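First the structure, in the form of structure tokens, and then the observations on it.
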Amino acid sequence: YVGTDKLLPMSRFTNPGAGGRGGGGGRGGGRGGGRGGGRGGGRGGGRGGGRGGRGGGRGGGMRGGAKVVVEPHRHEGIFVARGKEDALVTLNSTPGVAVYGEKRISVEGPPGPDGNASKVEYRVWNPFRSKLAAAVLGGVDNIWIKPGSKVLYIGAAAGTSVSHVSDVVGPKGAVYAVEFSHRPGRDLINVAKSRTNVIPIIEDARHPLKYRMLVGMVDVVFADVAQPDQARIVALNSHYFLKNGGDSVIA
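Using our numbering, the first residue of the sequence shown is number 89, and each one after it goes up by one.
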């Protein structure tokens, strides 16, 4: 019963009558016992146990304190939280606020001038919801985005990845987030309300001249638009906004 193709009990084929199907012996017994037992026991036990441990690791162990150590990643501005499970994290530029329900980790920061250590908060970057995070975990050589960078982010959607890019570039950087669809654009605007380095632009990236007055010259053009003419969109925006020696990334 594991996987997408569900196997039917043999009683369905060997005895298609009312007794076999409805009878507790064939389907009721086989399925109730096999599936209820096997799935409930094996999957519920194994998976519930495994995932319960994961929930514990992330929810409990990942809360910080002595159990979690945060180390800088090879890519500047990104960090790795090492606990029961390792996780990719970014320094939260709006402490106490989660953008899309992601887990947050508080750890002791370096001691201040008064000698007291302050709390530092990080946000877990989920690679299943961000192609950029998946690329970093996959070992990509360079993402070109670092603290202080100015980034033109095409295909910003609701601002999930944009919020982490905002964390990476920090207060000295800027993220010009372009999204054409109005519904995720509303969420993007809400993200930008608490992040002063995010400039939301609800416009079609095929017509960069429509937002030329909003975007300065940028260090990086990042595009995630899933369109057949994506390369043309990147080239057009790079022509207008990318600095000499700048870089572009296509997801």
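Glycine residues also receive a C-beta, built at the ideal position from the N, C-alpha and C atoms. None of the values given here were measured: they were computed from a predicted structure.
Since I believe residue j is in contact with residue i (beta carbons under 8 Å), could you give me their beta-carbon distance rounded to a whole number of angstroms?
i: residue 159; j: residue 167; result: 6 Å
i: residue 165; j: residue 155; result: Their Cβ separation, rounded to whole angstroms, is 24 Å, which puts residue 165 and residue 155 out of contact at 8 Å.
i: residue 206; j: residue 200; result: 6 Å
i: residue 285; j: residue 261; result: 6 Å
i: residue 264; j: residue 324; result: Actually they do not touch by this definition, with Cβ atoms about 15 Å apart.
If I measure Cβ to Cβ from residue i and keep anything under 8 Å in the same chain, skipping five residues before and after, which residues do I get?
i: residue 180; result: 192, 209, 210, 211 and 255
i: residue 178; result: 165, 166, 167, 210, 211, 213, 252, 255 and 256
i: residue 316; result: none
Tell me whether residue i sits in a helix, a strand or coil according to DSSP, three-state version.
i: residue 193; result: strand
i: residue 226; result: coil
i: residue 199; result: strand
i: residue 277; result: helix
i: residue 160; result: strand
i: residue 328; result: helix
i: residue 218; result: coil
i: residue 250; result: helix
i: residue 174; result: coil
i: residue 323; result: helix
i: residue 238; result: strand
i: residue 168; result: strand
i: residue 207; result: strand
i: residue 187; result: coil
Going along the chain, which residues of its own chain have a beta-carbon closer than 6 Å to the beta-carbon of residue i, five neighbours each way excluded?
i: residue 217; result: 248
i: residue 182; result: 282
i: residue 215; result: 221, 222 and 225
i: residue 287; result: 264
Once you ignore the five residues that flank residue i on each side, which residues in its own chain have a CB closer than 7 Å to its CB?
i: residue 157; result: 170
i: residue 291; result: 266, 268, 298 and 299
i: residue 270; result: 290
Which full runs of the beta strand (DSSP E) of 3+ residues lie inside the stretch 279 to 321, going along the chain? 286 to 290 and 306 to 311
Is the stretch 244 to 261 close to the stretch 322 to 332, with three or more CB pairs under 8 Å? no
Pairs of beta-carbons, one from the stretch 298 to 316 and one from the stretch 225 to 236, closer than 8 Å: are there three or more? Contact between the stretch 298 to 316 and the stretch 225 to 236 is present: three or more C-beta pairs spanning the two stretches fall below 8 Å.
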